[in-house]
Amino acid sequence: MQTYEHVVYSHSVGHTQALAEALADKLTGGEVITLSGDLGAGKTSFVQGLARGLGITRKVNSPTFTIIKEYQGSQFPLYHIDAYRLEDETEDVGFEEYIYGDGVTVIEWPERIAPYLPEARLHIRIEKRGETERNIYLLPHGERFVKLVKEVLA
Ligand SMILES: Nc1ncnc2c1ncn2[C@@H]1O[C@H](COP(=O)(O)OP(=O)(O)O)[C@@H](O)[C@H]1O
Ligand SMILES: [Mg+2]
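Under the UniProt record's numbering, the first residue of the sequence shown carries the number 1, and numbering increases by one thereafter.
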């Protein structure tokens, strides 16, 4: 499978969200995006930018008890999965239905649902470098996602 790595240096939350919005612009539905990074790295902030780019006006936040939230975008839905509070990784919340659906699925703490993840996906790792500085690693797996990242960064 084709893989590739690129790093974007973000200097603010707005910058991170602008990158997510640019990515949203290239999505056509059916993509899976996984987001890793420590608490406070900026995963949910990234999802907020993604949502805005998909035409979602509802506020996206980190659900306290809900693992999956669905938002209606202008073209297709966005499924926001935050697996942080998942009790046990075998707890089946019907992930496949979302992952293989027509919407875009974005997953925080994907490590916790590793067995459900498709091989082809865009993995993003956000690393805290300072108060407002982040390194955002784009790690596409599969040809479709390699192409997607190249388009976003073009
Ligand atoms: N460059 C940046 N990118 C993303 N978030 C940033 C950045 N700089 C500061 N922040 C702040 O860091 C926090 C990230 O929180 P959040 O997105 O909830 O993280 P996570 O979902 O990874 O736990 C927010 O308060 C955000 O405003
Ligand atoms: Mg979060």
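All residues carry an ideal CB built from backbone N, CA and C; glycine is no exception.
Relative to the C-alpha of A20, which residue among G130, I67 and G55 is closest?
-> Of the candidates G130, I67 and G55, the one whose C-alpha sits nearest the C-alpha of A20 is G55.
Coil, strand or helix - Q2 by DSSP = coil
Assuming G53 contacts Y79 (C-beta within less than 8 Å), just tell me the rounded distance between them.
-> Not quite, the Cβ-Cβ distance comes to about 15 Å (not below 8 Å), so this is no contact.
Enclosing alpha helix (DSSP H) for E127 [first to last residue] | First-last for E127: R121 to K128, but that is the beta strand (DSSP E), not the alpha helix (DSSP H).
Check whether the Cβ of S62 sits closer than 6 Å to any heavy atom of ligand 2, and report yes or no.
-> yes
Do the segment 103 to 121 and the segment 24 to 42 touch if we need at least three Cβ pairs shorter than 8 Å?
-> yes
Other residues of its chain near T44: CB distance less than 8 Å, five sequence neighbours each side excluded | V60, N61, S62, D82 and E108
Cut-off 7 Å between Cβ atoms - residues of its own chain near Q48, not counting five sequence neighbours on either side = Q17 and V60
Does at least one heavy atom of ligand 2 sit under 6 Å from the Cβ of E127?
-> no
So which of D88, K69 and G37 has the shortest CA-CA distance to R129?
-> G37
Length of the line joining the Cα atoms of Y98 and I67 = 12 Å
Beta-carbon separation of I126 and G40 under 7 Å?
-> no
Using alpha carbons as the reference points, say which of G73, F76 and V93 lies closest to F65.
-> V93
Using only the heavy atoms of ligand 2, determine whether one of them is closer than 6 Å to the beta carbon of K43.
-> Yes, since a heavy atom of ligand 2 falls inside the 6 Å radius drawn around the Cβ of K43.
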